[in-house]
Amino acid sequence: MIKQEDIHLVQRLKQGDEEAFTELVDKYKGKAFSIAYNFVNNIEDARDLSQEAFVKVYNSIDKFQEGSTFYTWFYRVLVNLCLDFKKKKRLKTISFSQFKHNQSDDGSDPMERIKDEQAQSPSEKLLIKEQNERIGQAIKSLPEKQRIVFILRNYENMPLKEIALYIKSREGTVKSHLARAVKKLQELLTEMQSDEVIDNGGQENG
Amino acid sequence: MDKCKKYDEMISLYCFNELSERDQKVIEVHMHTCQRCTTQLTEIKSTLQLVNKRQIPEMSTQFWEEYDAGLKEKLNKKPSTSSGIFNVDFSSIFLNIYRKSVPRFVYATIFLLILATSYLVIQQYQLAKKDKMDGVDTHIVKEDIKREDSSDTQIFEEAVQEAVTKKDQTIVHLSLEDELILQEMILLSELGEDVDLPLNDDDIIEDWEMIENLSSS
Chain A
1 MIKQEDIHLV QRLKQGDEEA FTELVDKYKG KAFSIAYNFV NNIEDARDLS
51 QEAFVKVYNS IDKFQEGSTF YTWFYRVLVN LCLDFKKKKR LKTISFSQFK
101 HNQSDDGSDP MERIKDEQAQ SPSEKLLIKE QNERIGQAIK SLPEKQRIVF
151 ILRNYENMPL KEIALYIKSR EGTVKSHLAR AVKKLQELLT EMQSDEVIDN
201 GGQENG
Chain B
1001 MDKCKKYDEM ISLYCFNELS ERDQKVIEVH MHTCQRCTTQ LTEIKSTLQL
1051 VNKRQIPEMS TQFWEEYDAG LKEKLNKKPS TSSGIFNVDF SSIFLNIYRK
1101 SVPRFVYATI FLLILATSYL VIQQYQLAKK DKMDGVDTHI VKEDIKREDS
1151 SDTQIFEEAV QEAVTKKDQT IVHLSLEDEL ILQEMILLSE LGEDVDLPLN
1201 DDDIIEDWEM IENLSSS
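Protein chains in written order, with our numbering: chain A, 1 to 206; chain B, 1001 to 1217.
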């Protein structure tokens, strides 16, 4: 993620170069999808939200000040969208959402569009799927700021200084949020961890 | 034990390499002698490992092709501002059209159409306004009078009839000029003549003399 490249692409985009926009999308769509997925735990929603972020960026590129980092600005737009989305969903949905949140628009199983991992057996796939969902739920249950800080730092390796700018807090506060998030996740996932130890025969990974 | 709780935050940050060098040393030294904190470190590391096992699904090529297509669609749908149609940025719409290399004459035609439509709308508005001020709604008749095509005679006659009926029904007093105009139109329509609206007082007087002459002949 070379910032210099981004500056050049943004300049071209401001001049109306659509190719530049296509390049930016190709560069960031994977990450954007991942971040959105971390927040919303749903392929369709993650897709829609990341696309929305690109549309917003395209339409308001004139407002982007070249002093700041494109990547930070883009993620701010994306994360705001994810948070707004979650607020709206909270108002609408009932607790059954955990069972149907992977339903796609046309009723087909979005998991079919995932790359086929041939090394895994169906039961392994199911286990991974369940594990992912439980972790996802645990992250979702974190208070808002803790969740933002944790996702951006843990999954995106965003420096705490940048996160501090984004959530308009001091760096010390951001550190607190991170530490509390970790502690909370530890409490929530302790049960899962003991299952893990049994499944892996006590092996440690990484 | 209570004393150790305060180290929990440091232990978490230690796992992320977010401690200052000084604090790093403090916690390492502490853990040498504190079993509780050493266990805590192990547990937190293992939580983080678990959390990092969470896989973002790796999507297929087809998904990404559909993604690009969907994005293009959304770009084409959205106006450049989201505050309603009245705030649409026309310059960016035209810029988008230009980028698609549409021939310039299409560009020019659209512009002319917009101009022509605006002109007609303004005309209509002014006519309607004037009619209301005149006290009788003869705009239907005036519209038809402007036609020079003889095939519109029937429409004209119907319009005149309608105006006459309305005139009979209306309780608004017509000005002398309007009275004269109306009578002229009725007379000339009976004679099968095309009618032009008189434009000024002299015309009215001249026309009235003509009518009188016609009546007396």
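For every residue, glycine included, the Cβ atom is placed at its ideal position computed from N, Cα and C. As the structure is a prediction and not an experimental result, all values here were calculated from the model.
S34/A at chain B interface by Cβ criterion, 9 Å:
Locating residue 34/A in the first sequence gives position 34, where the first residue counts as 1. Yes, S34/A lies at the interface with chain B (some Cβ there is under 9 Å from its Cβ).
In the structure shown, what three-state DSSP assignment does M1059/B receive?
Residue numbering aside, residue 1059/B sits at position 59 when the second sequence is read from its first letter. M1059/B: strand per DSSP, three-state reduction.
Measuring CA to CA, which of Y155/A, R47/A and I148/A is closest to V174/A?
Sequence index remark: in the first sequence, residue 174/A carries index 174 (1-based). The shortest Cα separation from V174/A among Y155/A, R47/A and I148/A belongs to I148/A.
Could you give the residue range of the alpha helix (DSSP H) that holds M158/A?
For this step, residue 158/A is matched to residue 158 along the first sequence. No alpha helix (DSSP H) holds M158/A; DSSP gives it neither H nor E.
At a Cβ threshold of 9 Å, is V40/A touching chain B?
Numbered from 1 along the first sequence, position 40 holds the residue referred to as residue 40/A. V40/A does not count as touching chain B.
Looking at Y28/A: is its Cβ nearer than 9 Å to the Cβ of Y58/A?
Position 28 of the first sequence, counted from the start, is the residue given in the question as residue 28/A. Position 58 of the first sequence, counted from the start, is the residue given in the question as residue 58/A. The answer is no: Cβ separation not under 9 Å.
Interface residues of chain B facing N132/A [CB-CB closer than 7 Å]
Looking up residue 132/A in the first sequence gives position 132. Ordered by position in chain B, the residues that pass the 7 Å Cβ test against N132/A are R1054 and Q1055.
Through-space distance from E1009/B to E44/A, alpha-carbon basis:
The sequence position of residue 44/A within the first sequence is 44, counting from 1. The sequence position of residue 1009/B within the second sequence is 9, counting from 1. One C-alpha to the other measures close to 36 Å.
Tell me the DSSP secondary structure of F64/A in three-state form.
Along the first sequence, read from residue 1 onward, the residue named residue 64/A stands at position 64. Note: F64/A maps to coil in three-state DSSP.
Identify the contact partners of E80/A in chain B, using a Cβ-Cβ distance below 7 Å as the criterion.
Within the first sequence, residue 80/A is the residue found at index 80, counting from 1. Here the sequence assigns Asn to residue 80/A, which means Glu is not the residue at that position. Going along chain B, no residue has its Cβ under 7 Å from N80/A, so there is no contact; the nearest lies around 14 Å.
Residue range of the alpha helix (DSSP H) that includes E130/A:
Counting from one through the first sequence, the residue named residue 130/A turns up at place 130. It spans P122 to K140 - the alpha helix (DSSP H) in which E130/A sits, taken as one unbroken run.
Which bits of chain A does T1033/B rub up against, with CB to CB less than 9 Å?
For this step, residue 1033/B is matched to residue 33 along the second sequence. Within 9 Å Cβ-Cβ: nothing; T1033/B doesn't reach chain A, min ~22 Å.
Start and end of the alpha helix (DSSP H) containing G16/A?
Translated into positions along the first sequence, residue 16/A becomes position 16. Here G16/A belongs to no alpha helix (DSSP H), and DSSP marks it neither H nor E.
Got a sec? Which residues, its chain only, sit under 6 Å from R180/A by beta carbon, not counting five neighbours each side?
Here residue 180/A is taken as the residue at index 180 of the first sequence, counted from 1. If we look at R180/A and ignore the five residues flanking it on each side, its Cβ neighbours are Q146.
Can we say the stretch 76-86 of chain A touches the stretch 20-38 of chain A, given the rule of at least three CB pairs closer than 8 Å?
yes
Rank Q11/A, A46/A and E5/A by C-alpha distance to the C-alpha of C82/A and give the top, closest one.
Counting from one through the first sequence, the residue named residue 82/A turns up at place 82. For C82/A, the nearest C-alpha among the options comes from A46/A.
According to DSSP, is L1180/B part of a helix, a strand, or is it coil?
In the second sequence, the residue the question calls residue 1180/B occupies position 180. Three-state result, L1180/B: helix.
Are the C-beta atoms of D6/A and some chain B residue less than 9 Å apart?
Numbered from 1 along the first sequence, position 6 holds the residue referred to as residue 6/A. No, its Cβ sits nowhere closer than 9 Å to a Cβ of chain B.
Which residue wins for smallest C-alpha separation from G208/A, given the options S50/A, S60/A and G136/A?
For residue 208/A there is no data in the structure shown, the boundaries of chain A being 1 and 206.
To which residues of the same chain is L24/A closer than 6 Å at the C-beta, ignoring the five residues directly before and after it?
Residue numbering aside, residue 24/A sits at position 24 when the first sequence is read from its first letter. Same-chain partners within the cutoff: L9.
Straight-line Cα distance separating V1121/B from M1/A
Your numbering for residue 1/A matches position 1 in the first sequence. Your numbering for residue 1121/B matches position 121 in the second sequence. Bear in mind that the predicted position of M1/A carries a pLDDT of just 48, short of 50, making it unreliable; the figure below should be weighed with that in mind. Whole-angstrom Cα-Cα distance: 55 Å.
C-alpha gap between Y1067/B and L185/A, whole angstroms:
Your numbering for residue 1067/B matches position 67 in the second sequence. Your numbering for residue 185/A matches position 185 in the first sequence. When rounded, the distance between both Cα atoms is 32 Å.
Is it buried or exposed, S1012/B, if we count other Cβ atoms within 10 angstroms and call 16 or more buried?
Sequence index remark: in the second sequence, residue 1012/B carries index 12 (1-based). Flag for S1012/B reads buried.
Alpha helix (DSSP H) containing F150/A: first to last residue?
Locating residue 150/A in the first sequence gives position 150, counting from the first residue. Per DSSP, F150/A belongs to the alpha helix (DSSP H) from E144 to F150.
Going along the chain, which residues of its own chain have a beta-carbon closer than 7 Å to the beta-carbon of S50/A, five neighbours each way excluded?
Your numbering for residue 50/A matches position 50 in the first sequence. Correct list, in chain order: K29, A32, F33, A36 and L78.
Looking at chain A, is there any beta carbon in it that lies within less than 9 Å of the beta carbon of E1028/B?
Locating residue 1028/B in the second sequence gives position 28, where the first residue counts as 1. It does not: the Cβ of E1028/B has no partner Cβ on chain A nearer than 9 Å.
At 9 Å on the CB atoms, spell out the chain A contacts of V1220/B, in chain order.
Missing from the structure shown is residue 1220/B; chain B here goes from 1001 to 1217 and no further.
Under the three-state DSSP convention, the category E52/A falls into
As a position in the first sequence, residue 52/A is number 52, starting the count at 1. It is helical.
Supposed close pair L189/A, L1050/B - CB separation, criterion 8 Å:
As a position in the first sequence, residue 189/A is number 189, starting the count at 1. As a position in the second sequence, residue 1050/B is number 50, starting the count at 1. Correct: roughly 6 Å between the Cβ atoms.
Neighbourhood of H177/A by C-beta, 7 Å cutoff - its chain only, sequence neighbours within 5 removed
For the purposes of this step, residue 177/A is taken as residue 177 along the first sequence, with counting starting at 1. K145, Q146 and V149.
Anyone know if the C-beta pair for K14/A and F64/A falls short of 9 Å?
Here the question's residue 14/A lines up with position 14 in the first sequence. Here the question's residue 64/A lines up with position 64 in the first sequence. Yes; because the gap between Cβ atoms is below 9 Å, this pair is in contact.
Using CA atoms only, rank isn't needed, just tell me which of F74/A, T69/A, S68/A and F39/A is closest to A53/A.
The residue you call residue 53/A lines up with position 53 of the first sequence. Closest by alpha carbon: F74/A.
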